[in-house]
Structure formats: C-alpha cells, structure tokens
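Trainee:
2 protein chains.
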Amino acid sequence: MDSAMANRPFYSVEKFQARRSIGYLIKRLNNLIVPGAEALFADAEFTFSQWVVLMAVRDGIADTCGELARHLDHDSGATTRLVDQLEKRGYLRRRRSTEDRRVVHLRITATGRALAKSLMPRVIDFWNEALEEFSPAEAQQLIALLTRLLARIEARTLETRKQARAAK
Amino acid sequence: MDSAMANRPFYSVEKFQARRSIGYLIKRLNNLIVPGAEALFADAEFTFSQWVVLMAVRDGIADTCGELARHLDHDSGATTRLVDQLEKRGYLRRRRSTEDRRVVHLRITATGRALAKSLMPRVIDFWNEALEEFSPAEAQQLIALLTRLLARIEARTLETRKQARAAK
DNA sequence: GACAGATAACTGCTCAGGCAGATATTGCTG
DNA sequence: CAGCAATATCTGCCTGAGCAGTTATCTGTC
Numbered sequence: 169m170d171s172a173m174a175n176r177p178f179y180s181v182e183k184f185q186a187r188r189s190i191g192y193l194i195k196r197l198n199n200l201i202v203p204g205a206e207a208l209f210a211d212a213e214f215t216f217s218q219w220v221v222l223m224a225v226r227d228g229i230a231d232t233c234g235e236l237a238r239h240l241d242h243d244s245g246a247t248t249r250l251v252d253q254l255e256k257r258g259y260l261r262r263r264r265s266t267e268d269r270r271v272v273h274l275r276i277t278a279t280g281r282a283l284a285k286s287l288m289p290r291v292i293d294f295w296n297e298a299l300e301e302f303s304p305a306e307a308q309q310l311i312a313l314l315t316r317l318l319a320r321i322e323a324r325t326l327e328t329r330k331q332a333r334a335a336k
Numbered sequence: 169m170d171s172a173m174a175n176r177p178f179y180s181v182e183k184f185q186a187r188r189s190i191g192y193l194i195k196r197l198n199n200l201i202v203p204g205a206e207a208l209f210a211d212a213e214f215t216f217s218q219w220v221v222l223m224a225v226r227d228g229i230a231d232t233c234g235e236l237a238r239h240l241d242h243d244s245g246a247t248t249r250l251v252d253q254l255e256k257r258g259y260l261r262r263r264r265s266t267e268d269r270r271v272v273h274l275r276i277t278a279t280g281r282a283l284a285k286s287l288m289p290r291v292i293d294f295w296n297e298a299l300e301e302f303s304p305a306e307a308q309q310l311i312a313l314l315t316r317l318l319a320r321i322e323a324r325t326l327e328t329r330k331q332a333r334a335a336k
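Taken in sequence, the protein lines are chains A and B.
Residue 169 is where the first sequence starts when you use the working numbering, and the numbers rise one by one after that.
Residue 169 is where the second sequence starts when you use the working numbering, and the numbers rise one by one after that.
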C-alpha cells in the first residue's frame, strides 16, 4: 500500500511499444466502456456522462455545476447542458444558493434516485462480469493503481494550467 | 502472473461508490490524458488520435484503415478522415492492394517516421513523470491488469455486437 | 465604498467522432 | 456462374464537447 521510491525511467525511446502504453490502453478501454455502458441504459435513453453526473450528485461528490465539471475533468459549458437535460427530465433540481448568489446547488430528485436505483444492478453486473477473472485483491489493486495515477496526472495538469495562466 | 479463480462478485449495489468505480477512473484518466498529450504536440498541431494512428502504423499494429479502426475501437468513418489528414500532411501513404482491391494499405513515410521519432521523447517523459512514484513492478502490474481488463471487455463487446446482428 | 480581479454559470461557435447509407469488391453457395 | 451475403472504404448528417466570450456576483485593496 505504501508508495514506492523514485526509480529510473520506466519507458525508454527504444523500447516503447504502443500496445504497452498506458495511454493507449486507457483510450481503448474508454472507447469500449462508454458505448458498452450506454447500451445498458438504452431503454432509458441515458448517456454514460449523464449517468456519471447523476451518480456524482447522488453520492455527494459534487454539489454544484462547477464542482461537477472539476471532478469529472469536463468542460463547464458541457456540464451546464448535461444538467439541463437531467433537470428537464426531472432527475435533478437546481436551486440558487442564498449565501453566494453566483452558485446553483444541485440535488437529485426522488425520481432521479429511483432511476439510479433501478439501473444500478445493470452497472454492477457489467463490472462484475468484466472483473470475473480478477481476484478481489487484483481488482482492489487495479483500483488503487488507477487512483494513484489519476492523482498524479491531475496534479500535473493543475500545475501546467497554472503555468499557462501565469504566462499570460 | 497467473489469473485468479472465479470469485463472488466484486461490486454490490449497496457498497458501490462512483469514486471506486473503474469506469469513473478510466473516464477521468482519459479526460486528462488526451488534452495533456495534445499539449505535448501543440507546436506540431497534432491530435492524440493522430499520434496513436501514426504509432500504430509505424509499429505494424495495423496495416489498413479497417484494422486501425478495429484496434483502436474507433469509428471507420472517423478513421478515414484521420488518415486523410495524415496523408495530406505527408506522414502516411495509401496504396491500393493488388490482392484485394477493396483494401487500401497504409505505410508511414520517411517524414512521418522522422516526426514520430522527434516527438517520442516528449511522450516518454510525460509517462515517466506520471509513473515517477510507481516501482517498475507496479507499473508492469498496472499495464498487465489493464491489458487483461481490455481483453475481457473487448470479448464481451464482440459478443454483444454479434447478438445484436443476429437479432436483425 | 469604488475599483480591480476572481469566480460561477451560462451561450454561441466550431469540430471531431459516431451512425447510417452508398459503392466497389470479394467469397460463398447452390 | 448467377446471386447473395460479407467486407473495405468512403460520404453525409447530426450530436456532444471543448473554447472563448458574457453576465452576475463576490472578495480584497486602497
């Protein structure tokens, strides 16, 4: 569980192979998972992004549009439109904050909660099937490694953006 | 290295948390990696997708448009246009096959090879920095786990598509 | 308390990428 | 060898998402 010490570089120009590149693997996984998940929601006409937003609000990961956009590394404009749709269909509700009148708080409605609950088993089954040949320890490890990598790349991204802003 | 035996389900409806979901982690990583990589190529006006295509052709992962689309789990129409751009800029070349006149073979040009070579160090550095706190064993493990998961989900996707086609 | 700078949400513009259909070619089957 | 299904590529269309700019609000400074 403890993080390792600094090492010499993992990749090198000579030995690099696309197939063993994490970026390649993640891109392909994403390209498969998104439509795969959307197929699960086909009868509800639900997008994977919409699902993620609904779950993020339900689980209290994000309370406002901005937080949502930051937590999902998503454009804030696109997030606004995503929330528009979910609100129009009655799964979320917007409420202007009283403390800071710029922000709009998001809350899942009873309908939204019911929908999330009814779709959840499909998602669970999808992932359990995908992980069928993984031991619990391996699944845990995969999640832990991805989480660490995410934190690392997130920090790097913030750093880069800060530099870009300072350059202006 | 050996794969584990069948287990009871890893996820359950009660304990599911978005933050611990592999789909969520992969989506976020993808959302960070794609623009991050594109920033590396900014001066070459290169897309991450274009980079992946160029590398796939260079490394012989794919020889034709169709293979490319399959290997990257990408739309074939979009792939055509990607190749259009890379060809127009002189990085790839199309050549109609003589054995099967439907297929168009792809080959990287000297210019394309030179570009790939010149950009490679940036990509290597990006990933080595991202993996700085991972031991070589951990990095290997992450790649191995992602590869297994990819194979699994890929098989499932093919199965699903076959069923969908049979239903017609 | 006026002004500057930051932040939240939203809107118009543009474009990559997915979907469905068109065309050319091949292979299979009777 | 006629006909039909499958395959490879390409094209038109449309949606989703990123970018830049707008408005409203807040915070900090002098």
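Don't be surprised by glycine CBs; every beta carbon is placed ideally from N, CA and C.
Predicted model only: the values in this text are computed from it and were never measured.
Pair every Cβ in the stretch 214 to 224 of chain B with every Cβ in the stretch 272 to 291 of chain B, then say whether three or more of these pairs are closer than 8 Å.
Mentor: Contact holds: three or more Cβ-Cβ distances are below 8 Å.
Trainee: When the cut-off is 8 Å and only beta carbons count, does glycine 191 (chain B) lie next to chain A?
Mentor: By 1-based counting over the second sequence, the position of residue 191 (chain B) is 23. For glycine 191 (chain B), the answer is yes, since a Cβ of chain A falls inside 8 Å of its Cβ.
Trainee: Can you pull the chain A neighbours of alanine 207 (chain B), defined as C-beta to C-beta under 8 Å?
Mentor: Sequence index remark: in the second sequence, residue 207 (chain B) carries index 39 (1-based). Near alanine 207 (chain B) (Cβ distances below 8 Å), the residues of chain A are Thr328.
Trainee: What's the gap between the Cα of phenylalanine 302 (chain A) and the Cα of asparagine 198 (chain A)?
Mentor: The sequence position of residue 302 (chain A) within the first sequence is 134, counting from 1. The sequence position of residue 198 (chain A) within the first sequence is 30, counting from 1. When rounded, the distance between both Cα atoms is 19 Å.
Trainee: Verify the CB distance criterion: does aspartate 211 (chain A) have a CB-CB separation below 8 Å to chain B?
Mentor: Residue numbering aside, residue 211 (chain A) sits at position 43 when the first sequence is read from its first letter. Closer than 8 Å: no.
Trainee: In its own chain, which residues sit with a C-beta less than 7 Å from the C-beta of phenylalanine 178 (chain B), not counting the 5 before and 5 after it?
Mentor: As a position in the second sequence, residue 178 (chain B) is number 10, starting the count at 1. Answer for phenylalanine 178 (chain B): no residue qualifies.
Trainee: So what does DSSP say about isoleucine 311 (chain B), is it helix, strand or coil?
Mentor: For this step, residue 311 (chain B) is matched to residue 143 along the second sequence. Three-state result, isoleucine 311 (chain B): helix.
Trainee: Out of B:His273, B:Glu255 and B:Lys256, point me to the one whose CA is closest to arginine 263 (chain B)'s CA.
Mentor: Numbered from 1 along the second sequence, position 95 holds the residue referred to as residue 263 (chain B). Comparing Cα-Cα distances from arginine 263 (chain B) to each of B:His273, B:Glu255 and B:Lys256, the minimum goes to B:His273.
Trainee: Out of A:Leu208, A:Ile194, A:Leu260 and A:Val271, which one is the CA nearest neighbour of glycine 234 (chain A)?
Mentor: Sequence index remark: in the first sequence, residue 234 (chain A) carries index 66 (1-based). The shortest C-alpha separation from glycine 234 (chain A) is found at A:Val271.
Trainee: Suppose you measure from the CA of aspartate 227 (chain B) to the CA of alanine 186 (chain A); what does that come to, to the nearest Å?
Mentor: For the purposes of this step, residue 227 (chain B) is taken as residue 59 along the second sequence, with counting starting at 1. For the purposes of this step, residue 186 (chain A) is taken as residue 18 along the first sequence, with counting starting at 1. Between aspartate 227 (chain B) and alanine 186 (chain A), the C-alpha separation is close to 8 Å.
Trainee: Which residue spans inside the stretch 249 to 310 of chain A form an unbroken beta strand (DSSP E) run of at least 3?
Mentor: Complete beta strand (DSSP E) runs here, min 3: 260 to 264 and 272 to 276.
Trainee: Report the residue ranges of all alpha helix (DSSP H) runs contained in full by the stretch 185 to 255 of chain B; include only those spanning at least 4 residues, in chain order.
Mentor: Runs found: 190 to 208, 216 to 226 and 233 to 240.
Trainee: Using only alpha-carbon positions, find the residue among B:Trp295, B:Val225 and B:Arg238 that is nearest to alanine 323 (chain B).
Mentor: Here residue 323 (chain B) refers to the residue found at position 155 of the second sequence. When each option's Cα is compared against that of alanine 323 (chain B), the closest is B:Arg238.
Trainee: Do alanine 207 (chain A) and threonine 247 (chain B) have their C-beta atoms closer together than 8 Å?
Mentor: Counting from 1 along the first sequence, the entry for residue 207 (chain A) is found at position 39. Counting from 1 along the second sequence, the entry for residue 247 (chain B) is found at position 79. No, these two residues do not count as a Cβ contact at 8 Å.
Trainee: Output yes if chain A places a C-beta closer than 8 Å to the C-beta of glycine 204 (chain B); else output no.
Mentor: Taking the first residue of the second sequence as position 1, residue 204 (chain B) is located at position 36. Cβ-Cβ to chain A under 8 Å: yes for glycine 204 (chain B).
Trainee: What whole-angstrom Cβ distance do leucine 250 (chain B) and isoleucine 276 (chain B) have, given they're in contact under 8 Å?
Mentor: Working through the second sequence from its first residue, we reach residue 250 (chain B) at position 82. Working through the second sequence from its first residue, we reach residue 276 (chain B) at position 108. Not confirmed; about 14 Å, so no contact.
Trainee: Counting only beta-carbon atoms, is lysine 256 (chain B) nearer than 8 Å to chain A?
Mentor: For the purposes of this step, residue 256 (chain B) is taken as residue 88 along the second sequence, with counting starting at 1. Cβ-Cβ to chain A under 8 Å: no for lysine 256 (chain B).
Trainee: Does DSSP put arginine 176 (chain A) in a helix, in a strand, or in coil?
Mentor: One-based indexing of the first sequence puts residue 176 (chain A) at position 8. DSSP places arginine 176 (chain A) in coil when its eight states are reduced to three.
Trainee: With a threshold of 16 other CB atoms inside 10 Å of the CB of threonine 279 (chain A), please say whether the residue is buried or exposed.
Mentor: Residue 279 (chain A) sits at position 111 when you count from the first residue of the first sequence. Exposed, since its Cβ has fewer than 16 Cβ neighbours within 10 Å.
Trainee: Residues of chain B with CB closer than 7 Å to the CB of threonine 315 (chain A), please, in chain order.
Mentor: For this step, residue 315 (chain A) is matched to residue 147 along the first sequence. Result: Leu193.
Trainee: Note down, in chain order, every chain A residue with its Cβ under 7 Å from the Cβ of serine 180 (chain B).
Mentor: Start at 1 with the first residue of the second sequence, and residue 180 (chain B) comes out as number 12. Here the neighbours are Ile292.
Trainee: Would you mind sorting arginine 305 (chain A) into buried or exposed? The rule is 16 or more other CB atoms within 10 Å of its CB.
Mentor: Numbered from 1 along the first sequence, position 137 holds the residue referred to as residue 305 (chain A). In the sequence on display, residue 305 (chain A) carries alanine and not arginine. Answer is exposed; the Cβ neighbour count stays below 16.
Trainee: Are any of the Cβ atoms in chain A nearer than 8 Å to that of alanine 172 (chain B)?
Mentor: The sequence position of residue 172 (chain B) within the second sequence is 4, counting from 1. Residue placement at alanine 172 (chain B) cannot be trusted, given a pLDDT of 47 that sits under 50; what the coordinates show is reported in the next sentence. Alanine 172 (chain B) counts as touching chain A.
Trainee: Arginine 320 (chain A) CB to nearest chain B CB: under 8 Å?
Mentor: Within the first sequence, residue 320 (chain A) is the residue found at index 152, counting from 1. Closer than 8 Å to some Cβ of chain B, the Cβ of arginine 320 (chain A) qualifies, so yes.
Trainee: Could you name the residues of chain A that aspartate 227 (chain B) contacts, counting a contact when the two beta carbons are closer than 7 Å?
Mentor: One-based indexing of the second sequence puts residue 227 (chain B) at position 59. Correct list: Gln185 and Ala186.
Trainee: CB glycine 191 (chain B) to CB isoleucine 311 (chain A), shorter than 8 Å?
Mentor: One-based indexing of the second sequence puts residue 191 (chain B) at position 23. One-based indexing of the first sequence puts residue 311 (chain A) at position 143. Result no, Cβ atoms of glycine 191 (chain B) and isoleucine 311 (chain A) do not sit closer than 8 Å.
Trainee: Quick check on DSSP: helix, strand or coil for lysine 322 (chain B)?
Mentor: Position 154 of the second sequence holds residue 322 (chain B). The sequence shown places glutamate at residue 322 (chain B), rather than the lysine named in the question. Note: glutamate 322 (chain B) maps to helix in three-state DSSP.
Trainee: Only counting the same chain, and skipping five residues up and downstream in sequence, which positions put a Cβ closer than 8 Å to that of leucine 254 (chain B)?
Mentor: As a working mapping, residue 254 (chain B) is identified with position 86 in the second sequence. Contacts found: Gln218, Val221, Leu222, Leu260 and Gly280.
Trainee: Helix, strand or coil: which one does DSSP assign to glutamate 182 (chain B)?
Mentor: Mapped onto the second sequence, residue 182 (chain B) falls at position 14. DSSP places glutamate 182 (chain B) in coil when its eight states are reduced to three.
Trainee: Please decide whether methionine 169 (chain A) counts as near chain B, where near means a Cβ-Cβ distance under 8 Å.
Mentor: Here residue 169 (chain A) refers to the residue found at position 1 of the first sequence. Confidence at methionine 169 (chain A) is low in this model, with a pLDDT of 46, below 50, so its placement is unreliable and no value can be given for it.
Trainee: Along chain A, in chain order, which residues have C-beta atoms closer than 8 Å to that of isoleucine 276 (chain B)?
Mentor: Along the second sequence, read from residue 1 onward, the residue named residue 276 (chain B) stands at position 108. Under the 8 Å cutoff, chain A gives no residues; its nearest Cβ is about 13 Å from isoleucine 276 (chain B).
Trainee: Compile a chain-ordered list of the residues in the stretch 232 to 249 of chain B whose CB is closer than 9 Å to at least one CB of chain A.
Mentor: Within the stretch 232 to 249 of chain B, the qualifying residues are His239, Leu240, Asp241 and His242.
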